[in-house]
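**Q** Structure incoming, see below.
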Amino acid sequence: MQTLFSIAACQQVVHIQPMVRFQNPPAGLSIDRFFSRNKDKVVIVMGATGTGKSRLAIDLALKYSAEIINSDKMQVYKGLDTLTNKVTEEECKGVPHHLLGTVDPESNFTVNDFKHHASLAIESILERDRLPIIAGGSNSYIEALVDEHPEFRRRYECCFLWVDVTPRVLNSFVSERVDRMVEVGGLVDEVRRMFDPTADEEDYSTGIKKAIGVPEMHHYLRGEACGNDEETQEALLMEAISNIKKNTRTLAHRQLQKIHRLRSKWNWSMHRLDATEAFLNRRRGREGDRVWEKQVARPATVIVSKFLVDPMSTILPHDTTFWLLQHGRL
1 MQTLFSIAAC QQVVHIQPMV RFQNPPAGLS IDRFFSRNKD KVVIVMGATG
51 TGKSRLAIDL ALKYSAEIIN SDKMQVYKGL DTLTNKVTEE ECKGVPHHLL
101 GTVDPESNFT VNDFKHHASL AIESILERDR LPIIAGGSNS YIEALVDEHP
151 EFRRRYECCF LWVDVTPRVL NSFVSERVDR MVEVGGLVDE VRRMFDPTAD
201 EEDYSTGIKK AIGVPEMHHY LRGEACGNDE ETQEALLMEA ISNIKKNTRT
251 LAHRQLQKIH RLRSKWNWSM HRLDATEAFL NRRRGREGDR VWEKQVARPA
301 TVIVSKFLVD PMSTILPHDT TFWLLQHGRL
């Protein structure tokens, strides 16, 4: 398989102070801290769909000399940019992204493919003295990379940031996002362009056709090709949109369950960042941005800054924002 890096032009970013490499543990430094410091550093941003993982990853990349590796199963494929909610060129703000919209949409990009190409991307980023940030909602990709890759934990120290939003608030946001995709983003036209009306039955088990929103549109587009009347088509479209919302909410629930399982299974130092208030204020312009900065971006920056200097010191209680506020760090 060809190399799948997708590098955008990167704007000027602030470089962090390089890590000091020690040949032997300095006096007073434990063996654990010594080996932790000597590993290369990787930041991993996790969370359910729609919680703002890409936004946080870009916020962090602009504060450090960083590049982002996409770990979303559907966003790795070319096409369906609106449906899969890929970040736009404007939203990237010049930050280089890897494995974003680079894979043939008809192929199957497996967990092993991700492990291989993400590892290559990490090494490429580190060779340029930049910080790798992995961001995406496909926790099985992250689990495989971190847990099943023999060399990964030996070579890298990870900082896990979990962007969380209360389910009730997230469900409302997800539904609104689907409506915007339909009304403004052209979701129906995107799926229509890849739909084959001559096929007896579409196969939704491979490539980008597995994305939520493609199978759900089947009956509507089939009815359109068969010449259904307007009233029937309107009902089929409403049903498709309802199913997209329902299946996206189900996905978010499963992703959240997986995050809880991973945190318990390995006792990862996973730092929870509660973005609920920021989502509740998202329609308030600058006020929403201020809340995001206070509740999510700034605490994440504190955590990453400490992690880059001394990874062992970033093992904080799970609700990071609360801890930082209680201890006067914000």
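Quick note on numbering: UniProt numbering labels position 320 of the sequence shown as 320, and the sequence is numbered without any gaps.
Beta carbons: idealized from backbone N, C-alpha and C, even for Gly.
1. With a threshold of 8 Å, are at least 3 pairs of Cβ atoms found where one atom belongs to the stretch 59-73 and the other to the stretch 284-304?
2. Taking 8 Å as the cut-off, decide whether the C-beta atoms of Val174 and Arg249 are in contact.
3. Measure the alpha-carbon distance for His271 versus His149 and round it to whole angstroms.
4. Should Arg180 be labelled buried (16 or more other beta-carbon atoms within 10 Å of its own) or exposed?
5. Pick helix, strand or coil for Ile212, following the three-state DSSP scheme.
6. Just curious, the beta strand (DSSP E) that Pro132 is in, first and last residue?
7. If we ignore side chains and look at the alpha-carbon of each, how far apart do residue 341 and Asp310 end up?
8. Thinking Lys53 and Gly185 are a contact (beta carbons under 8 Å), I'd like their distance in whole angstroms, please.
9. Is it the case that the Cβ atoms of Tyr156 and Val42 are separated by a distance below 8 Å?
10. Could you please give the first and the last residue of the uninterrupted beta strand (DSSP E) stretch that includes Val45?
11. Since Met194 and Gly79 should fall inside the 8 Å C-beta cutoff, what is the C-beta to C-beta distance between them, to a whole number of angstroms?
12. Counting C-beta neighbours from all protein chains within 10 Å, is the total for Gln295 16 or more, i.e. buried, or is it exposed?
13. Report yes if the CB atom of Lys60 is closer than 8 Å to the CB atom of Ile133, and no otherwise.
14. On the premise that Ala211 lies in contact with Leu83, defined as a C-beta separation below 8 Å, what is that separation, rounded to the nearest angstrom?
15. Expressed to the nearest angstrom, what Euclidean distance is found between the alpha-carbon atoms of Tyr220 and Val103?
16. With distances taken between CB atoms, is the gap from Gly94 to Asp81 smaller than 8 Å?
17. Beta-carbon within less than 7 Å of Gly223's beta-carbon, same chain only, minus the 5 sequence neighbours each way: which residues are those?
18. For Val103, write down the residues that DSSP places opposite it in a beta bridge.
19. Does any residue of chain D have a CB that is nearer than 8 Å to the CB of Ala57?
20. In chain order, which beta strand (DSSP E) runs of at least 3 residues are fully inside the stretch 242-294?
21. Along the chain, where does the beta strand (DSSP E) containing Tyr220 start, and where does it finish?
22. To the nearest angstrom, report how far apart Glu201 and Val111 are at their CA atoms.
23. According to DSSP, is Asp310 part of a helix, a strand, or is it coil?
24. How many whole angstroms separate the CB atoms of Asn70 and Val76, which I take to be in contact at a CB cut-off of 8 Å?
**A** Let's see:
1. yes
2. Contact flag set, yes.
3. 23 Å
4. exposed
5. coil
6. 131-135
7. For the chain, the structure presents residues 1 to 330; residue 341 sits outside this window and is missing.
8. Wrong, their Cβ atoms sit about 19 Å apart, outside the cutoff.
9. yes
10. 40-47
11. Rounded, the Cβ-Cβ distance is 7 Å, consistent with contact.
12. By the Cβ neighbour-count rule, Gln295 is buried, with 16 or more other Cβ atoms within 10 Å of its own.
13. What sits at residue 60 in the sequence shown is Leu, not Lys. Yes, they are a contact pair.
14. 6 Å
15. 27 Å
16. Going by C-beta atoms, Gly94 is not nearer than 8 Å to Asp81.
17. Thr232, Gln233, Leu236
18. Tyr77
19. This model lacks chain D altogether, as it is built from one protein chain only.
20. 270-274
21. Unbroken run through Tyr220 is the alpha helix (DSSP H), 218-226; no beta strand (DSSP E).
22. 27 Å
23. DSSP places Asp310 in coil when its eight states are reduced to three.
24. 6 Å
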